[in-house]
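Asker:
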Amino acid sequence: MALNESACMTFDEYQAHDALALADLVARGAVSPRQLLDAAMARADAVNPALNAVVRRQDDAARATATGPLSGSFAGVPFLVKDLFQEIAGVPCSYGSRALASHPAEQDSDVVKRWRQAGLVIFGQTNTPEFGAKNVTEPDQWRAARNPWDTGRTPGGSSGGSAAAVAAGIVPVAGANDGGGSIRIPAGACGLFGLKSARGRVSMGPVTSEGLFGAAVQGVISRSVRDSAAMLDVLQGPEPHAPYWMPASNALPQGSYLNALARPPRPLRIGFSTASPLGTPVDPQAVAAVEDAARLLSSLGHHVEPAEPAIDGMALTKDFLQAWFCMQAVLVAQVRQQTGAPISAFETDTRIMAALGRGTSGPELVSCQMRWHTYTQALADFHGRHDLWLTPTLNGPALPIGQNATPAHLQMGSRLLLSLGLAGLLRHTGLLDDLIHQTLAWTPYTQVANLTGRPAMSVPLYWTPQGLPLGVQFVGPLDSEVWMLQLAAQLEEARPWFQRRPALS
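Structure follows, in structure tokens:
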């Protein structure tokens, strides 16, 4: 394919390539960065009104970038960053909050710097819930993002806008991050590949030293495994302000995750389970997705058997949320100090989480952190017997928009307690357990990888009879991204998903 400078690249031509293939077209002179950008922006113009995936555009800056000199592994490829922890200097990064919607970032985040160095052309920011605190993307500030496979359903969260944009073909890969499943959940809901790398692999700086005690990591959501591998090559590595760094594996050929995909994985020992860690009912389609993946893995020569680590799922969830609530309290306080925003500028759910965090004592938080280590030990014991743990990514297909909203009775009671300054009492009632079951029953499988700092990925191997994607999750031991990506590439070859497209005009 070759286009002259004045020709337009059609959407069919554009969507037929992943990001590395688009970069190759640019390198060979078959297409220009400006033509790719025009195709991406035209697709966004066409579908974003229905999806609300992209909440802020930087078209003029992107056009200037596309016409200038570009170099790097993704030179000339259009790109979107998440509106959370992926700051662009001089542009507001709202974190999904009204309080930050007009507050420009002072500097690029480390990942944005690296994406620029890789030659990506950033032209917008994607929708996310306020402070990334939910598994759906329905912020008051930007309103709900919608799933291209069914616009009445959520794309998941908190990287829901990025997943919707990639699934709809606006870009082949987009920025994301993951503090409790926020890469894997939307990847699983939108038929995409999502890898959460291990703690310390990618810098969260410079604004943040580490996210949620190291539970949160930066990354991408993609349509192809090789794009995610090449993105990890771009993003991995030390920064002088990072609190720690995990060196690249010695198993990497030429130090490249992308190069590692040339080799198939060795036969792996994989334990699988489907039961919800919260003890809640499991959708039969989630069970079917895992059983289907287990059969496929066996046919590829891997040893697969029922097994799971000895972890109390409800205890882990409460320990995850306790730290999460404390982080929300700090974020709200920091934003109010920076912007002078009133407390009413934040969503009710955010205010409740922050109040619960403020009600947590120092010893309680330290004890919570110490219990995180017990989960790490239990998962390490499991990985001493099995290379990977296979579970559903989600407990069923994408939820209808609004279904995972905090129930009205909890909202009403919470507002009353907030107005009286008594929100901390929620910790001593059954309302918190109700909230856990209501909001996390759909996504109870993902938090363990965050608390333990282990890599995990969602792979799009299954679609329901209704045509909705439903990913499966693999959790690996420390420093296992090499053969996790090799396995993902093997599965991608055995059951290709790249050509599957939502029926979105």
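Numbering-wise (my numbering), the sequence shown opens with residue 3 and increments by one.
Think of the CB as a built atom: it goes at the ideal place given N, C-alpha and C, for glycine as much as any other residue.
#1: Pull the bridge partners of Val204 from the DSSP assignment, please.
#2: Compute the beta-carbon to beta-carbon distance between Arg203 and Met233, rounded to the nearest angstrom, for a pair I have assumed lies under 8 Å.
#3: Does DSSP classify Gly315 as helix, strand or coil?
#4: Determine which residues share a DSSP beta bridge with Met459 and list them.
#5: What three-state label does DSSP hand Ala176 in the structure shown?
#6: So who's on the other strand from Ser224, going by DSSP bridges?
#7: Among all the DSSP beta bridges, which residues are the ones paired with Phe87?
#8: Could you have a look at Phe81 and say whether DSSP puts it in helix, strand or coil?
#9: For Pro394, which three-state DSSP category applies?
#10: Kindly indicate which three-state DSSP category Asn261 falls into: helix, strand or coil?
#11: Quick one: which unbroken beta strand (DSSP E) runs of 3-plus residues sit fully inside the region 20-66? Chain order, please.
#12: Who are the Cβ neighbours of Met355 in its own chain at under 8 Å, not counting the five residues just before and after it?
#13: For the candidate residues Arg155, His305, Ala91, Thr139, whose alpha-carbon lies nearest to that of Ile124?
#14: Starting from the Cα of Thr393, find the closest Cα among Ala407, Pro308, Gly404 and give me that residue.
#15: Give a yes or no on contact between the region 141-151 and the region 438-453, applying the rule of three or more CB pairs nearer than 8 Å.
#16: Within the chosen definition, does the region 463-477 reach the region 391-405 through at least 3 CB pairs nearer than 8 Å?
#17: Using a Cβ-Cβ cutoff of less than 7 Å, which residues in the same chain neighbour Cys370 once the five nearest sequence positions on both sides are dropped?
#18: Does the separation of the CB atoms of Glu132 and Gly98 fall below 8 Å?
#19: Starting from the C-beta of Gly281, find all residues in its chain whose C-beta is less than 8 Å away, skip the five residues before and the five after it, and write them out in chain order.
#20: With 16 other CB atoms within 10 Å as the buried threshold, where does Tyr447 fall?
#21: Are the CB atoms of Val83 and Gln127 nearer to each other than 8 Å?
#22: Considering only the alpha carbon of each residue, which of Pro269, Val227, Thr362 lies closest to Arg497?
#23: Pull up the distance between the alpha-carbon of Leu470 and that of Thr130, whole angstroms please.
#24: Look up Phe133 in the DSSP assignment and say whether it is helix, strand or coil.
#25: For the alpha helix (DSSP H) that Gly364 lies in, which residues bound it at each end?
#26: Considering only the beta carbon of each residue, do Val173 and Pro80 sit closer than 8 Å?
#27: Does the distance from the CB of Ala200 to the CB of Pro457 come in under 8 Å?
#28: If you draw a straight line from the alpha carbon of Leu194 to that of Arg186, how long is it in whole angstroms?
#29: Check each candidate in Ala63, Trp499, Gly404, Pro365 and name the one with the smallest Cα separation from Asp142.
#30: Which stretch, first to last residue, makes up the alpha helix (DSSP H) that contains Pro286?
#31: Determine the DSSP secondary structure at Asn149, reduced to helix, strand or coil.
#32: Does His304 come out as helix, strand or coil in the three-state DSSP assignment?
#33: For the structure I just gave you, are there three or more beta carbon pairs, one from the region 266-283 and one from the region 336-355, closer than 8 Å?
#34: Could you say which of Arg118, Leu86, Asp62, Trp117 lies nearest to Ala107 if we only look at CA atoms?
#35: Tell me whether Gly273 sits in a helix, a strand or coil according to DSSP, three-state version.
Answerer: Quick look at the numbers:
#1: Gln238
#2: Not a contact, Cβ separation roughly 12 Å.
#3: helix
#4: Per DSSP, Leu197, Phe476.
#5: strand
#6: Val175, Phe195
#7: According to DSSP, which records beta bridges pairwise, Phe87 is partnered with nothing at all.
#8: strand
#9: strand
#10: DSSP places Asn261 in the helix class (H, G or I) of the three-state scheme.
#11: 56-59
#12: Scanning its chain for C-beta atoms nearer than 8 Å, with the 5 sequence neighbours on each side dropped, one finds around Met355 the residues Ala135, Trp326, Phe327, Gln330, Ala331, in chain order.
#13: For Ile124, the closest alpha carbon among the candidates Arg155, His305, Ala91, Thr139 is that of Ala91.
#14: Pro308
#15: no
#16: Because the criterion of three Cβ pairs below 8 Å is met, the region 463-477 and the region 391-405 touch.
#17: Asp321, Gln324, Ala325
#18: yes
#19: Gly315, Met316
#20: buried
#21: yes
#22: Val227
#23: 22 Å
#24: In this structure, Phe133 counts as helix in the three-state DSSP scheme.
#25: Residues 364-385.
#26: yes
#27: It is a contact, given that the beta carbons lie within the stated cut-off.
#28: Going by the C-alpha atoms only, they are around 9 Å apart.
#29: Gly404
#30: 286-301
#31: strand
#32: coil
#33: no
#34: Leu86
#35: Note: Gly273 maps to strand in three-state DSSP.
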